[in-house]
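Those letters in the sequence shown? Residues 6 to 201, per our numbering, in order. Don't be surprised by glycine CBs; every beta carbon is placed ideally from N, CA and C. Notes follow the structure.
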Amino acid sequence: MTDFVSNALKFFFLLTPFFGLSMFITMTSDYSPHGRRVLALRVSVAAAVIGLVLFFFGHRILSMFGITVDAFRVGTGILLMMTSISLMNPKPMQHKALRSDIAIIPLAMPIFIGPATLGSLVVLSADVTGFGPRVRAAFAWLAAIAGIWVMLQCAAWMEHRLGRRGLGILMRLTALILAALSAQMILSGTKNFLFS
6 MTDFVSNALK
16 FFFLLTPFFG
26 LSMFITMTSD
36 YSPHGRRVLA
46 LRVSVAAAVI
56 GLVLFFFGHR
66 ILSMFGITVD
76 AFRVGTGILL
86 MMTSISLMNP
96 KPMQHKALRS
106 DIAIIPLAMP
116 IFIGPATLGS
126 LVVLSADVTG
136 FGPRVRAAFA
146 WLAAIAGIWV
156 MLQCAAWMEH
166 RLGRRGLGIL
176 MRLTALILAA
186 LSAQMILSGT
196 KNFLFS
């Protein structure tokens with residue numbers, strides 16, 4: 006149970022939830038409440054499917070290209086660090102997308118599942134061995150996605166309650182957690198490379 010909760014929290018913050026929420030609010034400012042709810046469901050389903058495919062088949066993709074997990078771990082750690090730095094100083098995102106386009110691109114990918122999240126899923130899948138632990142980790146991913154879905158469903162309420170400043174503070178807290186995760190990935194990959 007402890008591993009499940011730990012993985013679910015890790016996945017949740019890897020999805021950069023508060024950055025995604027602020028982008029969702031900005032990009033759906035002219036949507037009806039029903040339109041926002043439908044879009045939130047579509048974004049969540051798309052992110053869940055993309056993440057599960059990467060989690061179960063990402064290590065096979067790595068082996069096809071001859072990339073070691075430790076090399077990927079260091080590279081992902083660097084990307085994750087860059088993501089955390091960008092969250093500290095977010096820039097307004099320009100978008101010219103049709104309503105029918107924004108559920109998968111750019112909301113599900115790359116706003117919620119960016120390059121760093123993609124890499125992190127592959128690295129974490131390599132760290133989890135055995136059928137039972139992998140299934141539990143997959144359910145932890147789905148729990149994190151459910152958290153994103155609930156948050157998007159409450160987007161209007163959260164925007165009203167927190168305001169832009171409150172969302173900005175939460176984004177910076179997310180950045181600190183991502184920076185710590187990225188440092189751990191880089192240290193683990195380097196250690197495994199040096200002492201293997």
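Separation of residue 199 from residue 21, as counted between CA atoms: 31 Å
7 Å CB neighbourhood of residue 148 in its chain, flanking five on each side removed: 13
Burial state of residue 130 (16 or more Cβ within 10 Å): Buried is the call here.
Sequence-distant residues of the same chain with beta carbon closer than 6 Å to residue 113, five excluded per side: 48, 51, 52
Residue 151 versus residue 166 - alpha carbon distance: 21 Å
Separation of residue 128 from residue 171, as counted between CA atoms: 32 Å
For residue 94, three-class secondary structure by DSSP: Coil.
Helix, strand or coil at residue 71 [DSSP, three-state]: coil
Supposed contact pair residue 9 and residue 141 - C-beta distance, whole angstroms, cut 8 Å: 6 Å
contact_flag[the stretch 25–39, the stretch 177–190] where n(CB pairs < 8 Å) is 3 or more: no
Start-end ranges of the alpha helix (DSSP H) lying completely within the stretch 101–172, minimum 4 residues: 120–132, 136–158
Residue 6 in three-state terms, based on DSSP: coil
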